[in-house]
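If you're matching them up, the sequences are chains A and B in order.
Per the numbering used here, residue 499 is the first one in the first sequence, and the count goes up by one each step.
Per the numbering used here, residue 1094 is the first one in the second sequence, and the count goes up by one each step.
We treat Cβ as the ideally placed atom computed from N, Cα and C, and that holds for glycine.
Note that the structure is a prediction, hence the values are computed from the model and not measured.
Read the structure below first, then the notes.
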Amino acid sequence: MDASSGNRGGEGSASDAPMVKNSLGRMVPTLWKGKSYEPYRDPWSRAPAVDRGTRPLVRRNPWESKVLKSLREAIERCDLRDGMTISTHHHLRNGDRLLNLLVQECEAMGLKNLTVASSSVHPVNAEIIPCIRNGTITRCETGVNGLIGELASKGELDFPIVVRSHGGRARSILAGDVPVDAAFIAAPCCDETGNLNGAQGPSACGSLGYAHTDARYARKVVAVTDHLVPYPASPVSISQSDVDFVVPIDSLGDSQKIVSTTTRVTRDPAGLLIAKHAAEVIEAAGLLRNGFSFQTGSGGTSLAVAENVRNRMRELGIKGSFGCGGITGYFVDMLEEGLFHTLFDVQCFDLKAVQSFGRNIMHREISADLYANPFNRGCVVNQLDCVILGATEVDLDFNVNVNTESNGYLLHNTGGHCDTAAGARLAIVVAPSIRGRLPIIRDSVTTVTTPGETVDVIVTERGIAVAPRHQELAKELARRRLPVKEIRQLHEETTALTGKPRPIPFTDNIIALIEYRDGSIIDVVRQVQE
Amino acid sequence: MNGSYPLGRRDRLRRSMLYVPGNMPAMLQNIPVFEADGVMIDLEDAVPLGEKDAARTLAANFLQTLGGRDKEIFVRINGLDTKYARDDLREILPARPDGIRLPKADHREVVEKLDTLLTEAEENLKLPIGWFKIIPSIESAIGVLNCIEVAQASDRIVALAFGAEDYTASLEIERTKEGTELFNARTRIVWAAKAAGLQAIDSVFSDVNDVEGLRRETMLVKGLGFTGKSLVNPRQIETVHDVFRPRQEEIDNALEIMEAIKKAREMGTGVISLRGRMVDAPVVKRAARILRTAVAFGMIEYELSDEVIHGRE
């Protein structure tokens, strides 16, 4: 406890942080937990004049072995010390064991005050909570899913969190904002020199897109594998030239939970109606033509949109260019059917995607940097025609929240939400107008994940709201007899049914920053007043 | 059969009549959302005996709070021979549904009884007499035998509905997806309806996941003369509408007919020849129905004039 008690949250943290209002009217700190930040201004202009990060040269001679006996030995060889930063990737998702093992080993070695800069943290990682309480890890440079966020929101964990998008995380590492001292890369298939891939082995998860940045920029890189194969592990996803050490362990995690998302088209009639309308919006926007590029998430409604789009592409004889982001079996089918030329895969969402990844030459692995980093001379999302996004709340300015739930708890990481919204020509949010008796559209969202400046259309089962800057699209939708409504009207209609939700009472204590993809602070998450 | 009711009452599109269980708030709340031509809030079979009171109150409150209506709302009450029917009517009618779907309309007298009750309610509620419509449901062997009389039992009737599940039960036979066992009953119901100037609404197709089966059955009943179908799930609306969607050449032809009859009316006649084919009242009525359907599908924009369709008195 001693190491972390110095920056314990509570009353003090709000008052010692100089707060400013960002362009969305959110009060954000310029200094928080010892680091300085800029307030968010707009989605397009921030461009710090700095060099891209670097790492030390390492000479490796032919007789030197990289294979180590244990995680402990790797931690020692990385020269990990108090206050340093470690990272893992989240491709094993809720089956991940590595982050837990790593943090627990650090605890056993008496390390303190470490920062976790993994690409995400999942509910399974709640195992590390005791190591937060005892000061082994005291800062979190990544968004979190599940219990850790809930406890932080209740003020029961002192674990300052900076939530970042996929592109924003890659940017933070490249730009040197979050220097990683040692990256521990779960490697489903690896050889003794550190060539590794995610396509083979008992923990196969497909693309390793989130780990590439760590492999290129961390001071030390450790490949941890449960499937050590004779040289060379091939195909090579992350290469021997980037890896310092290799640690074989029994198991990287629970393979049943690695590909856990059930990716199935929704059967809910309201969800299907939303999907139908969303597909019609894409067509009305003139995007369904040869070369169409597309991204959806793995939710049931998103997949239903993909299904509608697929049918329409077939009918019209359209050949798309690429699908990207997290890849599902639906996109694999579209690739194999010739509806897309290429899949750019940062993360496989289901088993079918994993299998395709090992089989289809045009199913390409891309890094989170290439996928979505705004500061790298051009990322893939900039080429996207359309992205389908979810929301827990949307407000009258089209700002979207996906981080906090209706109880105010920080429960979800951002993913590629704000990256794809900014990159795509048409960012469509699909959501039921009412969820759990609460209206989706609010006067003002609890937390801004994605600024309304980058969100184009909201589709609910009660109507379609088009951002005011797209008058032509709104007219075209009306011409096609789609139920276009002003967002205020949708808001009034749904709150007439649900009543106005009581505001969530928050304390002043900031438990997390929401960092926009460009590194500026778009919002904060405060402790909930219980 | 234009009777004393405003024109269009019986010509209104009723391709898709969606059942919504009266005891489920989450589903009632979505009534304005789906594009069915009409809904039937069910107080009968979908509602367990223990929830009859609650469903009735919920449905009535829902109707009262529902703002602008973009579709017809019928309520399927419990059979008039049950102890629930009177309470159903007493609570529901003040909330002004568009009409009542009457189950087990086996005899003319059942409809007449309901007609009387509705008239009483209209007097109490100070509504014009004839405000509430009736859709009798033919759902037994005796109902099929009597449907011709039933169809003519009240001027409130806008359509006859067929209830195939109860019908096959009354015959002690299986209902198949091919529906050969329903052929005679369906035909008779269409006769009865058409003879009385009514629409005919076919039974539900229960297998929600069998889209092709629903399409086949809808095409079959459309061919027999049915004008719509009862539905159990909003997911079925699109398929049914698609089957009832007029073809472009039908629309073009109907537009020509309307132009021709308009000229005829201007010349003071109700009959005219269009490229060697005679255009008269039945042809015009059918053309009007096609155009009305096409407008509902958003396929054309067209304003139908009763004067052109029916002529001036």
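Run of the beta strand (DSSP E) containing residue i, from where it starts to where it stops
{"i": "A/VAL744", "result": "743-746"}
{"i": "A/ASN1007", "result": "1004-1013"}
{"i": "A/PRO527", "result": "525-527"}
{"i": "A/ALA925", "result": "924-928"}
{"i": "A/ARG762", "result": "Note, A/ARG762: premise wrong, no beta strand (DSSP E); not H, not E."}
{"i": "A/LYS850", "result": "From DSSP, A/LYS850 is part of no beta strand (DSSP E) but of the alpha helix (DSSP H) over 849-857."}
{"i": "A/HIS989", "result": "Not the beta strand (DSSP E): A/HIS989 falls in the alpha helix (DSSP H), residues 985-996."}
Min CB distance residue i to chain B below 8 Å
{"i": "A/LEU975", "result": "no"}
{"i": "A/ALA802", "result": "no"}
{"i": "A/GLU639", "result": "no"}
{"i": "A/ARG940", "result": "no"}
{"i": "A/GLU768", "result": "Note on residue identity: the sequence assigns Ala, not Glu, to residue 768 of chain A. With 8 Å as the cut-off, A/ALA768 counts as an interface residue toward chain B."}
{"i": "A/ARG979", "result": "yes"}
{"i": "A/VAL1026", "result": "no"}
{"i": "A/ARG1015", "result": "no"}
{"i": "A/LEU771", "result": "yes"}
{"i": "A/LEU995", "result": "yes"}
{"i": "A/GLU835", "result": "no"}
{"i": "A/ARG960", "result": "yes"}
{"i": "A/ILE1012", "result": "no"}
Residue interval of the alpha helix (DSSP H) (run including residue i)
{"i": "A/CYS916", "result": "915-921"}
{"i": "A/PHE790", "result": "A/PHE790 -> no alpha helix (DSSP H), and no H or E assigned at all."}
{"i": "B/SER1263", "result": "1257-1264"}
{"i": "B/PHE1276", "result": "1276-1288"}
{"i": "A/ARG967", "result": "Looking at the DSSP string, A/ARG967 is not in any alpha helix (DSSP H), and its letter there is neither H nor E."}
{"i": "B/GLN1292", "result": "First-last for B/GLN1292: 1292-1295, but that is the beta strand (DSSP E), not the alpha helix (DSSP H)."}
{"i": "A/CYS822", "result": "Taken as a continuous stretch (DSSP letters only), A/CYS822 belongs to no alpha helix (DSSP H), being part of the beta strand (DSSP E) at 818-825."}
{"i": "B/GLU1402", "result": "Strictly speaking, residue 1402 of chain B in this sequence is Ile, with Glu absent from that position. Its alpha helix (DSSP H) spans residues 1399-1403."}
{"i": "B/THR1158", "result": "1145-1158"}
{"i": "A/ALA777", "result": "767-782"}
Beta-carbon gap between residue i and residue j smaller than 8 Å
{"i": "B/VAL1203", "j": "B/LEU1195", "result": "yes"}
{"i": "A/PRO981", "j": "A/GLY961", "result": "yes"}
{"i": "A/ILE772", "j": "A/VAL957", "result": "yes"}
{"i": "B/GLY1361", "j": "B/MET1110", "result": "no"}
{"i": "B/ALA1407", "j": "B/LEU1324", "result": "The question about residue 1407 of chain B has no answer here: the residues shown for chain B are numbered 1094 through 1406."}
{"i": "A/THR944", "j": "A/ALA925", "result": "no"}
{"i": "A/TYR729", "j": "A/THR691", "result": "yes"}
{"i": "A/ILE635", "j": "A/VAL661", "result": "no"}
{"i": "A/ASP843", "j": "A/SER663", "result": "no"}
{"i": "B/VAL1377", "j": "B/ILE1344", "result": "no"}
{"i": "B/ARG1308", "j": "B/THR1332", "result": "yes"}
{"i": "B/GLY1143", "j": "B/PHE1167", "result": "no"}
{"i": "A/ASP1016", "j": "A/GLY950", "result": "no"}
{"i": "A/VAL1026", "j": "A/LYS531", "result": "no"}
{"i": "A/ILE932", "j": "A/VAL892", "result": "no"}
{"i": "A/VAL745", "j": "A/LEU578", "result": "no"}
{"i": "A/LEU750", "j": "A/ASP766", "result": "no"}
Below-8 Å beta-carbon distance, residue i vs any chain A residue
{"i": "B/GLY1407", "result": "Within the shown structure, residues of chain B are numbered from 1094 to 1406, placing residue 1407 of chain B beyond reach of any answer."}
{"i": "B/PHE1337", "result": "no"}
{"i": "B/ASN1123", "result": "yes"}
{"i": "B/ARG1328", "result": "yes"}
{"i": "B/PHE1127", "result": "yes"}
- request: Taking only runs that begin and end inside the segment 626-711 of chain A, name each unbroken alpha helix (DSSP H) of 4 or more residues, in chain order.
  value: Here the runs fully enclosed are 627-631, 645-651, 664-672.
- prompt: Using 8 Å as the threshold, is the segment 621-641 of chain A in touch with the segment 782-801 of chain A, meaning 3 or more CB pairs across them?
  reply: No, the segment 621-641 of chain A is not in contact with the segment 782-801 of chain A.
Touching by the beta-carbon criterion (3+ pairs, under 8 Å), the segment 1113-1120 of chain B and the segment 1132-1139 of chain B: Because the criterion of three Cβ pairs below 8 Å is met, the segment 1113-1120 of chain B and the segment 1132-1139 of chain B touch.
Cβ pair count under 8 Å reaching 3, the segment 553-569 of chain A against the segment 578-591 of chain A: Counting Cβ pairs under 8 Å, fewer than three are found: no touch.
- prompt: Do the segment 883-900 of chain A and the segment 727-744 of chain A touch if we need at least three Cβ pairs shorter than 8 Å?
  reply: Counting Cβ pairs under 8 Å, fewer than three are found: no touch.
query: On the three-pair Cβ rule with 8 Å, is the segment 1255-1264 of chain B touching the segment 1223-1238 of chain B?
result: Taking a cut-off of 8 Å on C-beta distances, the segment 1255-1264 of chain B touches the segment 1223-1238 of chain B, as three or more cross pairs fall below it.
query: So, do the segment 847-861 of chain A and the segment 706-714 of chain A have three or more beta carbon pairs nearer to each other than 8 Å?
result: The segment 847-861 of chain A makes no contact with the segment 706-714 of chain A; the number of CB pairs closer than 8 Å stays below 3.
message: For a minimum of 3 consecutive residues, which ranges assigned as the beta strand (DSSP E) are wholly contained in the segment 583-628 of chain A?
response: If we require 3 residues or more, the beta strand (DSSP E) runs fully inside the segment 583-628 of chain A come out as 583-585, 612-614.
query: Are there three or more Cβ pairs, one per stretch, closer than 8 Å when the segment 999-1016 of chain A is compared with the segment 876-889 of chain A?
result: Segments in contact, no.
message: Taking contact to mean 3 or more Cβ pairs, one atom from each stretch, closer than 8 Å, check whether the segment 608-622 of chain A and the segment 969-989 of chain A are in contact.
response: No, they do not touch.
field: Segment contact, 8 Å Cβ cut-off, at least three pairs: the segment 1263-1280 of chain B with the segment 718-738 of chain A
entry: No contact exists between the segment 1263-1280 of chain B and the segment 718-738 of chain A.
query: Three or more C-beta pairs closer than 8 Å, one from the segment 636-643 of chain A and one from the segment 602-616 of chain A: is that the case here?
result: Short answer: they touch.
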